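Input: a single structure, listed below in C-alpha cells.
There are 2 protein chains.
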Amino acid sequence: MKYTKNFYQIRSNAHILAQLKKEQETVGYYKLPFADTSEIKRFAQGVTQKTIAVLGIGGSSLGSSAIYDFLKRKYHFGKTLLFFESTDPVDIKDKLDRIDPDDTFFIIISKSGTTVETISIFKYLSSTINFHAGNTAVISGTGTPLHHFADAEKIPFFELQQNVGGRFSVFSVVGLLPLAIIGVDIDNMLRGAQKVYQGFFEREKIYEMLMEKARFFVENKNRFRINVLFSYSSSLEGFNKWYVQLWAESLGKRNINGTRQGLTPLGLIGPVDQHSFLQLIMEGVRDKTVTFIKVADFEEQLIIPPQTPIPKLEYLEGISFSRLIALQADATIEAIDAEGDIPYDVITIDKVDEYNIAELMYSYELLTSIIGAFLQINTYDQPGVEAGKIILKRKLGA
Amino acid sequence: MKYTKNFYQIRSNAHILAQLKKEQETVGYYKLPFADTSEIKRFAQGVTQKTIAVLGIGGSSLGSSAIYDFLKRKYHFGKTLLFFESTDPVDIKDKLDRIDPDDTFFIIISKSGTTVETISIFKYLSSTINFHAGNTAVISGTGTPLHHFADAEKIPFFELQQNVGGRFSVFSVVGLLPLAIIGVDIDNMLRGAQKVYQGFFEREKIYEMLMEKARFFVENKNRFRINVLFSYSSSLEGFNKWYVQLWAESLGKRNINGTRQGLTPLGLIGPVDQHSFLQLIMEGVRDKTVTFIKVADFEEQLIIPPQTPIPKLEYLEGISFSRLIALQADATIEAIDAEGDIPYDVITIDKVDEYNIAELMYSYELLTSIIGAFLQINTYDQPGVEAGKIILKRKLGA
Numbered sequence: 000m001k002y003t004k005n006f007y008q009i010r011s012n013a014h015i016l017a018q019l020k021k022e023q024e025t026v027g028y029y030k031l032p033f034a035d036t037s038e039i040k041r042f043a044q045g046v047t048q049k050t051i052a053v054l055g056i057g058g059s060s061l062g063s064s065a066i067y068d069f070l071k072r073k074y075h076f077g078k079t080l081l082f083f084e085s086t087d088p089v090d091i092k093d094k095l096d097r098i099d100p101d102d103t104f105f106i107i108i109s110k111s112g113t114t115v116e117t118i119s120i121f122k123y124l125s126s127t128i129n130f131h132a133g134n135t136a137v138i139s140g141t142g143t144p145l146h147h148f149a150d151a152e153k154i155p156f157f158e159l160q161q162n163v164g165g166r167f168s169v170f171s172v173v174g175l176l177p178l179a180i181i182g183v184d185i186d187n188m189l190r191g192a193q194k195v196y197q198g199f200f201e202r203e204k205i206y207e208m209l210m211e212k213a214r215f216f217v218e219n220k221n222r223f224r225i226n227v228l229f230s231y232s233s234s235l236e237g238f239n240k241w242y243v244q245l246w247a248e249s250l251g252k253r254n255i256n257g258t259r260q261g262l263t264p265l266g267l268i269g270p271v272d273q274h275s276f277l278q279l280i281m282e283g284v285r286d287k288t289v290t291f292i293k294v295a296d297f298e299e300q301l302i303i304p305p306q307t308p309i310p311k312l313e314y315l316e317g318i319s320f321s322r323l324i325a326l327q328a329d330a331t332i333e334a335i336d337a338e339g340d341i342p343y344d345v346i347t348i349d350k351v352d353e354y355n356i357a358e359l360m361y362s363y364e365l366l367t368s369i370i371g372a373f374l375q376i377n378t379y380d381q382p383g384v385e386a387g388k389i390i391l392k393r394k395l396g397a
Numbered sequence: 000m001k002y003t004k005n006f007y008q009i010r011s012n013a014h015i016l017a018q019l020k021k022e023q024e025t026v027g028y029y030k031l032p033f034a035d036t037s038e039i040k041r042f043a044q045g046v047t048q049k050t051i052a053v054l055g056i057g058g059s060s061l062g063s064s065a066i067y068d069f070l071k072r073k074y075h076f077g078k079t080l081l082f083f084e085s086t087d088p089v090d091i092k093d094k095l096d097r098i099d100p101d102d103t104f105f106i107i108i109s110k111s112g113t114t115v116e117t118i119s120i121f122k123y124l125s126s127t128i129n130f131h132a133g134n135t136a137v138i139s140g141t142g143t144p145l146h147h148f149a150d151a152e153k154i155p156f157f158e159l160q161q162n163v164g165g166r167f168s169v170f171s172v173v174g175l176l177p178l179a180i181i182g183v184d185i186d187n188m189l190r191g192a193q194k195v196y197q198g199f200f201e202r203e204k205i206y207e208m209l210m211e212k213a214r215f216f217v218e219n220k221n222r223f224r225i226n227v228l229f230s231y232s233s234s235l236e237g238f239n240k241w242y243v244q245l246w247a248e249s250l251g252k253r254n255i256n257g258t259r260q261g262l263t264p265l266g267l268i269g270p271v272d273q274h275s276f277l278q279l280i281m282e283g284v285r286d287k288t289v290t291f292i293k294v295a296d297f298e299e300q301l302i303i304p305p306q307t308p309i310p311k312l313e314y315l316e317g318i319s320f321s322r323l324i325a326l327q328a329d330a331t332i333e334a335i336d337a338e339g340d341i342p343y344d345v346i347t348i349d350k351v352d353e354y355n356i357a358e359l360m361y362s363y364e365l366l367t368s369i370i371g372a373f374l375q376i377n378t379y380d381q382p383g384v385e386a387g388k389i390i391l392k393r394k395l396g397a
C-alpha cells in the first residue's frame with residue numbers, strides 16, 4: 000500500500016510559514032513597514048490646514064482612525080482628523096457644520112476610485128468646495144478615474160499598490176499620510192511593525208505565540224466560533240473596529256472545499272463592558288474565546304486622594320487609576336480563569352504610543368494571514384460583498 | 000395512562016404573555032413610561048450649566064447615551080452631555096481637559112451606591128470640585144451610602160426603585176433626568192414607549208411580531224447563536240451598544256435546568272459595515288440572524304448635484320443621501336435574502352426623534368423579557384459579574 004496524498008493533512012507550522020513567505024511575492028502588506036516614508040513626510044509638512052478630512056470608508060478609514068483614536072486623548076494633536084465615511088445625511092450635515100472648509104485639507108481615498116460612499120460625498124462637496132492642489136490629495140490605484148481626475152486637476156496623487164487590500168493598508172500611504180499630517184511619528188510607527196515582522200520571520204517568541212494561537216482557533220473553530228477582544232482602554236475602541244473588519248472580511252469565506260468558514264470577531268472595552276457583555280461570557284454558552292489587551296503604563300498619574308468626603312469604598316483611596324484599571328483587568332481575567340473552560344490569552348502593550356499600536360496591529364495582520372492559511376481560504380479577497388453592490392447599481396438605474 | 004406534567008412542554012404564547020403580565024407586579028421597568036415626570040421637568044429647567052457630566056457606567060449611562068447619540072447630530076442641543084464611565088486615566092484626563100468644572104452640572108448615578116468606577120471618579124473629582132446643591136444631583140437606591148451623602152450635603156436626590164435594573168432603566172429617572180436637562184422632550188419619549196406597551200399588551204400587531212421573533216430565536220438558538228443588529232444610521236451606534244448590554248446581560252444565563260443559555264448580540268452600522276462584517280454574514284458559517292434597522296425619513300435634504308466634476312458613478316447624481324442610504328440598506332437586504340438561508344427581519348423607524356427611539360428601545364426591552372421567559376431564565380439578575388467584583392476587592396485589600 001502506498002499513500003501519495005493525504006487529503007486530510009493538517010498543515011504543519013513550517014508549511015504555513017513557508018506559505019506566508021511565498022505570499023510576500025504577491026501580497027503587498029507584508030513589506031509595507033520597510034518602505035521609504037520621505038515623500039510622505041515632506042508632503043505632510045506642507046499641509047497647514049487645521050482640520051484633515053478623510054473621505055474614505057472601510058479599509059480606507061479604519062486603520063488611521065484606530066491609530067488616531069488610540070493617540071489623540073494623550074497627544075492633543077494641533078490638528079483634528081475626521082472621517083466622512085457614511086452616506087447618512089444627518090452625519091454628513093453634522094460633520095460639515097463642525098468644519099471650516101477654508102481651513103480643511105481633504106484626502107480622498109478609494110482604491111478602485113469608484114467607492115459609492117466616497118464618490119457620492121466627494122460629488123456632494125464639489126458643489127460648494129473648490130478642490131485644488133492646495134487643499135486636496137488623492138489616494139487610489141494607478142489608472143483609476145480618481146487618478147485621472149487628480150492628474151487633470153494637478154492634485155497631488157499617491158498610489159495605493161494593487162496588491163495591498165484596504166483592510167491591510169494601515170502601513171501604506173492610506174494610513175501614513177493622514178497620520179503624518181496630524182503629527183504622528185510614522186517612522187516610529189513603522190519600527191513597531193518591523194519589529195513584529197522580524198521577530199516572526201526569524202522565528203522568535205512571537206512566531207510561537209501566533210502559530211499556537213492560530214492553531215487553537217482553527218482546531219476549535221466549530222466549538223469556539225466567537226473571538227472576543229476585551230481591550231482595557233477607551234482609546235482602543237478604534238482598534239477594536241479595525242480588528243472586526245480585518246477578521247470578518249478576511250476569514251469569513253468558503254474554503255477550497257466550499258465549506259463555510261468564519262470566526263466571528265467582537266470588540267469590548269474594559270472596564271465598561273464588565274457591566275455589559277461579561278455576564279454572557281461567564282454564564283452563557285461556551286462558544287467564545289477571549290483575548291485581553293492591557294496597557295502596562297498609561298503614563299498618566301491620576302491618584303484617588305485619601306480621605307475623601309465620598310462615602311464607602313475607602314480601599315480605593317490612595318491608589319492611581321492606572322493601577323485600578325490594571326487590577327480590574329486582572330480581576331476579570333482571574334474570574335474567567337476560574338471558570339476553567341473559557342480559552343483566553345492576555346496581550347500587554349507597553350504604553351500609549353504609535354510604536355506599540357503598530358506592533359499590535361501588525362501582529363494581528365500576521366495572525367489573520369496564518370489563520371487564513373490554516374483554513375485554506377483566500378484571506379485577501381471579499382467576494383461576498385459584490386452581490387449587494389450589483390443590486391445597488393441596478394436600483395440606481397445604472 | 001395519565002400525563003400530569005410534561006417536562007418538555009414548549010410554552011405557549013399565551014403562557015408567556017401571562018408571565019409578562021405577572022412580572023409587572025415585581026419587575027419595575029414595564030410601567031416606567033406611565034410615571035409622572037413633572038418633578039424631573041421642573042428640576043431640569045433649573046439647571047443652567049452648559050455641560051452635563053454623568054458619572055455612571057453600564058445601565059447608568061448606556062440608555063441616556065443611546066438617546067443622546069441618536070438625537071444630538073440633528074437637534075444641536077444647547078448643552079453637552081458627557082459620561083465619565085471608565086477608570087482609564089487617559090480618558091478621565093482628556094474629558095476633564097474638555098470641560099469647565101465651574102460650568103458643569105454633575106449627575107452621580109449608582110443604584111447600589113458602591114459602583115467602583117463611579118465612586119472612584121467621584122472621589123477623584125472631589126479633591127478639586129466642590130459638589131453642592133447647585134451643581135450636583137444623585138440618583139441611587141434608597142438607603143445607599145450615596146443617598147445618605149446626598150441628604151447630608153443637601154444635594155438633590157432622585158430614587159431609582161429597587162425593582163428597576165440598570166439595563167432596563169432608560170425610562171426611569173436614570174435616563175430621563177440627564178435627557179430632560181439637555182432639552183429632550185421626555186414626555187414625547189415616554190409616549191413612544193407607552194404606544195409599544197399598549198400595542199403589546201392589547202395584542203395588536205407588535206404582539207404577534209415580537210412573539211414570533213422571540214420564538215424563532217429560542218427555537219433556533221443552537222443554530223443561530225449570534226444576533227446581528229445592522230443599523231443604517233451613524234446615529235444608532237449608541238443604541239447598538241445599549242442593545243448589546245440588554246441582550247448579553249439579560250440572556251447570558253443558566254436556565255432552570257442549569258443549562259447555559261445565551262444569544263450573542265452584535266451591533267453593526269450601515270453602510271459602513273458593508274465594508275467590514277458583511278462578508279462574514281454572506282460567506283461565513285450560518286450561525287447569525289440579522290435585524291436591519293432603517294430610518295424612513297432623515298428629514299435632511301442633501302442632494303448630490305447633477306453634472307459634478309468628479310468622474311464616474313454618474314448614476315449617483317441628482318439623488319439625495321436619504322434615498323441613497325435607503326437603497327444601500329435595501330440592496331444589502333436583497334443580497335442577504337437571495338442567499339435564502341440567512342434569517343433576517345427589517346424594522347423601519349419613522350424619523351430621528353425621541354418618540355421613535357423610545358418605541359424601538361421599549362420594544363427591545365419587551366423582546367428581551369419574552370425571550371428570557373421562553374428560555375426559563377432570570378432575565379433581570381446578573382450573577383456572572385459578581386466573581387470579578389469579589390476578586391477585585393481582594394486585590395485592593397478590602
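As given, the protein sequences belong to chains A and B, one line each in that order.
Each residue of the first sequence is one higher than the one before, starting from 0 at the first, in numbering that gives the first Met the number 0.
Each residue of the second sequence is one higher than the one before, starting from 0 at the first, in numbering that gives the first Met the number 0.
Built from N, CA and C at the ideal position, the CB exists for glycine as well.
Source: prediction; values computed, not measured.
query                                                                                                                      : result
Short-range partners of chain A found in the segment 260-273 of chain B, where Cβ spacing is below 7 Å                     : Q260, G261, T263, L265, P270, V271 and Q273
Element boundaries [alpha helix (DSSP H), containing L145(A)]                                                              : P144 to E152
Selection of the segment 330-347 of chain A by Cβ proximity to chain B, strictly under 7 Å                                 : A330, T331, E333, A334 and A337
DSSP bridge partner residues for A136(A) (one or two, in chain order)                                                      : I106(A)
Nearest-angstrom beta carbon gap, K1(B) and A179(B) [assumed within contact, 8 Å]                                          : Not a contact, Cβ separation roughly 59 Å.
Alpha carbon of I389(A) to alpha carbon of N254(A), nearest angstrom                                                       : 23 Å
Distance between beta carbons of I154(B) and F170(B), contact taken as under 8 Å                                           : So it is not a contact: roughly 24 Å between Cβ atoms.
Member of N221(B), Q18(B), N134(B) and V173(B) whose CA lies at the smallest distance from the CA of L31(B)                : V173(B)
Cut-off 8 Å between Cβ atoms - residues of its own chain near K49(A), not counting five sequence neighbours on either side : G77, K78, T79, D99, D102 and T103
Cutoff 9 Å: G212(B) Cβ touching any chain A Cβ                                                                             : The identity of residue 212(B) in the sequence shown is Lys, whereas the question assumes Gly. K212(B) does not count as touching chain A.
Three or more C-beta pairs below 8 Å linking the segment 258-269 of chain A and the segment 189-208 of chain A             : no
Beta carbon proximity, E316(A) to chain B, threshold 9 Å                                                                   : yes
Same chain, Cβ closer than 7 Å to V46(A), neighbours up to 5 away in sequence not counted                                  : F104 and I180
Segment contact flag, the segment 10-20 of chain B with the segment 332-339 of chain B, C-beta cutoff 8 Å, min 3 pairs     : no
Under the three-state DSSP convention, the category D349(A) falls into                                                     : strand
N- and C-terminal bounds of the beta strand (DSSP E) containing I83(A)                                                     : The displayed chain sequence assigns Phe, not Ile, to residue 83(A). Start and end: T79 to F83.
Listed by chain order, chain A residues near T113(B) by CB distance under 8 Å                                              : K311 and L312
Contact set between P308(B) and chain A, taken where Cβ atoms lie within less than 7 Å                                     : S125
Buried or exposed by the 16-neighbour rule on C-beta atoms within 10 Å, applied to P177(B)                                 : buried
Pair within 9 Å by beta-carbon distance, Y67(B) and R190(B)                                                                : no
Buried or exposed (CB count within 10 angstroms, at least 16 for buried), I280(A)                                          : buried
Contacts that V89(B) makes with chain A (C-beta to C-beta distance below 8 Å)                                              : R72, K73, S232, S233, S234, F297, E299 and V351
Where the alpha helix (DSSP H) through L235(B) begins and ends                                                             : It is not in any alpha helix (DSSP H) - L235(B) carries neither H nor E in the DSSP assignment.
Same chain, Cβ closer than 7 Å to Q375(A), five either side skipped, listed in chain order                                 : N254 and I255
9 Å Cβ cutoff, H131(A) in contact with chain B                                                                             : no
Whole-Å CB distance - P304(A) paired with E316(A), under 8 Å assumed                                                       : 7 Å
Secondary structure, alpha helix (DSSP H): runs of 4+ residues fully inside the segment 206-232 of chain A                 : none
Euclidean distance between Cα positions of N239(B) and Q278(B)                                                             : 20 Å
CB contact below 9 Å: Q244(A) versus chain B                                                                               : yes
Proximal chain B residues relative to I324(A), where beta-carbon distance stays under 8 Å                                  : S85, T86, D87 and P88
Contact with chain B by E364(A), beta-carbon distance below 9 Å                                                            : no
In DSSP terms, what F291(A) is bridged to                                                                                  : F229(A) and V345(A)
Cross-chain neighbours of D93(B) in chain D, by beta carbon under 7 Å                                                      : Protein chains in the displayed structure are A and B, and chain D is not among them.
Interface partners of D101(B) on chain A, CB under 7 Å                                                                     : In chain order: nothing, as chain A lies at least about 19 Å away.
Segment limits, beta strand (DSSP E) that includes G266(B)                                                                 : T263 to I268
Span of the alpha helix (DSSP H) around L326(B)                                                                            : F320 to E338
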